[in-house]
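The next block holds one structure in the form of C-alpha cells; read it before the comments.
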Amino acid sequence: MVFSDLLLSVVAGDSIIPAVVVLLAAIAFFNLIQRLVFSPLRSIPGPLLWRVTRLPGLYASWAGYEPSLYTAQFRAYNSPIIRIGPNEVLLADGSALAPIYVASGGMDKAECYSNFDIDGHPTIFSGVDKTHRSIWSRAVTGMFATRTIRERETALQDAIKDGVGRLLRERQHALVHGGSIDLLSACRAISLDMVTAYSFGSSYGGSSECAGELAVGAFVDAFVAVGRFFYLPSWVFVPLSTFSQWAFDPPEIARSFERVDKFVRDLVVASHDDDMTYQGRLLERGLSNDEVVAQCKDIIFAGVDTVGMNLTILCWNLARQPAIYDRLKDELRKAKSQSPSVDPATLPFFQGCVKEALRLSMANTARLPRVVPEGGWDYEPANDFTYIESTPSNKYSQRAYFLPAGTLVSVQMHTLHHNPAVFTDPFRFDPDRWSTASDTQLEKMNRDLIPFSVGSRQCIARNLAMTELYAAGAAIVEVGALGGASCVRDKIEIFEWFNARVKGKRVDVEFRKT
C-alpha cells in the first residue's frame, strides 16, 4: 500500500523522470524477489549475489579465474550442484555427464557457442544446430578413426622428427651457452606441424622457425583471449570483442592471422572435392571455399592450443620430477628392445603419465553449457557424491532436483579433475594413481577425466590428439631431450578463460652450462 501510494504521488507530479525511476526500481525489486523467492532453482545452494545476477561470474571469466572460483564453491558447500546465475547451474557430479552430454545426443548447446564462429561461419565446434554439425562431422569423421590414423602415421612421424630435432638443437645451445628452452613454443610447433601434415596433407613448418615464440602463436593466443567473453550474449560479445581487438591487439596478431589465412586458403583453392584431405572432404559436401577455410582455421587453433598445451604439461612435469622421467624412459627403452614397433599407448606407466598430463593440463578449463530440454530434467545426485575427503560421514544425501526447461546446465573440467574424493591430492602429478586405485575408484577416475568432453559433441579429433600426444611424448623422452632440465618456475600460472592461456606466454626449462 505504501509503495502504491508513493508511485501514485510521483506519477501525479510534473516531471516524468521520477516516475520512470520508480518504475524501474519496482521492476528491479520484483525481479529480485522472483529470483530469490519464487525461482524453481531457489533450493539450489550458491552465493546470494549469484542467484540474482550473472555479473560476478562474467567478471571472473574476463579476469581469468572463473573455474577456480566455482571449484572453491563446491568445496565450501560440498554439494553436487550450485547455482551460478538466475537461470544457470553447475554440477560437480560425474554421474551427471551422461544425461547432459551423452543421452540422445546430449542436450542442446547454449547460444553462446556461436560466439566462437570463425569469419562469420559456424564451425564443427561452435555450431549450435545439431543437423548442420552432423553434415560437417560426417564428412571428416573417417579421417580420425584409429585405423585411418595408423595407416597415415608417417605424416605424424615426419612432423615429430622435425620438432624433436628443433628441441634437441635448442637444448644443445642451452647446454653450451646456458639459458632456457620455451617448452610451450616448441610443443606448439610440433602440434602445428602434426595437425596440418595429417589433416591438410601439407605441414605448416612451425618447427623450421627460429627458436622463440611461434609465429602462429599470436593467432592461437588471440583466439584464446576472445574466450574471456565467451559467455556473454552475442549482442554484447560482438561489439565488445571487436572493440577489444581494435584497441588492444598488437600488429603481430594481424600478421599472424594473415599468414594462417594465406596458408589455409592456398590449400583450399588447390584442393579438389575428390581428395581425402580435411579440406577436400568438406568441399565434397558442398561447403563454399570460405566455409572450408573457417573449418580449417578452427582445427589449426584446436590442434595447436589443446595438443600443444597437453604436451607442454607432460614435458614440464617430467622435467620437474626426474625420477618419473627416468622411469618412463626406462619403460620405453625396455619395450622398444623387445618390440621396436610397440605402441607407446599400451605401456602402463606411460598411460598414467599421459592421463595425469590431460587431467592437469586444463587446456579447456571452463564449463560447457547446455540447455535443459522441454519437460525439464530430474537430476538425482550420485549416492556417494562428496567434494571433500571421501568418508561415510560426509556423503551427500540431498533429494533430487528438478531443473525446468530452458535452464542452463553444465559441468567443467577444472572441477571434475580436481575433486579430492575422486583424485586424491588432486594437484599432484601422480601417474601411479592410475595403476594403484581400486576398481571402484578407477571407474570414477575414468568417468570424470574429460579432457575432450564426452558424447557426440566431444572433440571430433580426439583419437588424433591422443595419438599425437603419445607419439610426440615418446619421441621426446627417447632421445633424452629433457635430460638435465629443471623448471624455471615451480608452477604454471594460467588465465582460466574458455581455453587456458599461460601467463607470460612461456613455459621455460633451463639447462646448466657444461
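Remember, our numbering sits 4 above the position in the sequence shown when you count from 1. We treat Cβ as the ideally placed atom computed from N, Cα and C, and that holds for glycine. These numbers were taken from a predicted model, which means no experiment stands behind them.
- Residue environment: Tyr208 is assigned as buried (16 or more neighbouring CB atoms within 10 Å of its CB, all protein chains considered).
- Secondary structure of Asn368 (DSSP, three-state): strand.
- Phe120 is not a Cβ neighbour of Phe223, given a cutoff of 9 Å.
- Taking all protein chains in view, the Cβ of Asp494 is surrounded by fewer than 16 other Cβ atoms within 10 Å, so the residue is classified as exposed.
- Look at the beta carbons and you see the stretch 365-374 touching the stretch 302-322: at least three pairs across the two are nearer than 8 Å.
- For Ile85, the enclosing beta strand (DSSP E) stretches over residues Ile85 to Gly89.
- The Cβ atoms of Phe515 and Ser141 lie no closer than 9 Å to each other.
- The Cβ atoms of Cys491 and Pro435 do not sit closer than 9 Å to each other.
- In the structure shown, Tyr69 adopts coil according to DSSP, grouped into three states.
- Between the stretch 403-423 and the stretch 62-69 there are fewer than three inter-stretch CB-CB distances shorter than 8 Å, so the stretches are not counted as touching.
- When rounded, the separation of the alpha-carbon atoms in Lys266 and Asp279 is 20 Å.
- When DSSP reads this structure, Arg374 sits in a beta bridge with Lys113 and Val413.
- Ile480 has its alpha-carbon roughly 37 Å from the corresponding atom of His125.
- Taking a C-beta distance under 9 Å as the contact criterion, Leu271 and Gly205 qualify as a contact pair.
- Here Ala465 is buried. Its C-beta has 16 or more other C-beta atoms within 10 Å.
- DSSP, read as helix, strand or coil, puts Leu95 in strand.
- Counting of Cβ neighbours within 10 angstroms places Leu28 among the exposed residues, the total staying below 16.
- For Val513, DSSP records a beta bridge to Ile185 and Cys491.
- The residues Gly68, Arg505 and Lys507, in chain order, have a CB closer than 7 Å to that of Phe499 in the same chain once the five nearest residues on each side in sequence are set aside.
- When C-beta atoms of the stretch 148-166 are compared with those of the stretch 189-205, three or more pairs fall below 8 Å, so the two segments count as touching.
- When C-alpha distances from Val268 are compared across Tyr383, Ser108, Pro71 and Ile304, the shortest belongs to Ile304.
- Under the three-state reduction of DSSP output, Trp501 falls in the coil class, being neither helix nor strand.
- Within the same chain, Cβ atoms closer than 7 Å to the Cβ of His136 are found at Pro126, the five residues on either side in sequence being excluded.
- If you draw a 10 Å sphere on the C-beta of Thr158, you find fewer than 16 other C-beta atoms in it, and that means exposed.
- For Asp382, the pairing in a beta bridge is given by DSSP as Phe406.
- Comparing alpha carbon positions, the residue from Val144, Ile122, Tyr117 and Phe148 closest to Asp133 is Tyr117.
- Comparing alpha-carbon positions, the option among Phe261, Ala100 and Val458 lying closest to Asp123 turns out to be Phe261.
- For the pair of segments examined, the stretch 312-331 was found to touch the stretch 339-359: the number of CB pairs separated by less than 8 Å reaches three.
- Trp250 is classed as exposed because its beta carbon has fewer than 16 other beta carbons within 10 Å across all chains shown.
- For the alpha helix (DSSP H) assignment, the uninterrupted runs of no fewer than 4 residues enclosed by the stretch 337-366 are, from N- to C-terminal side, 352-365.
- Every unbroken stretch of the alpha helix (DSSP H) spanning 4 or more residues and falling wholly within the stretch 431-466 is given here in chain order: 437-440 and 443-452.
- One Cα belongs to Leu101, the other to Ile86, and the distance between them is close to 16 Å.
- The straight-line gap separating the alpha-carbon atoms of Val230 and Ile257 is approximately 13 Å.
- Per DSSP, the continuous alpha helix (DSSP H) segment holding Cys319 begins and ends at Gly312 to Arg324.
- The three-state reading of DSSP puts Val481 in helix, counting H, G and I together.
- Counting C-beta pairs closer than 8 Å gives three or more between the stretch 419-427 and the stretch 69-78, which meets the contact rule.
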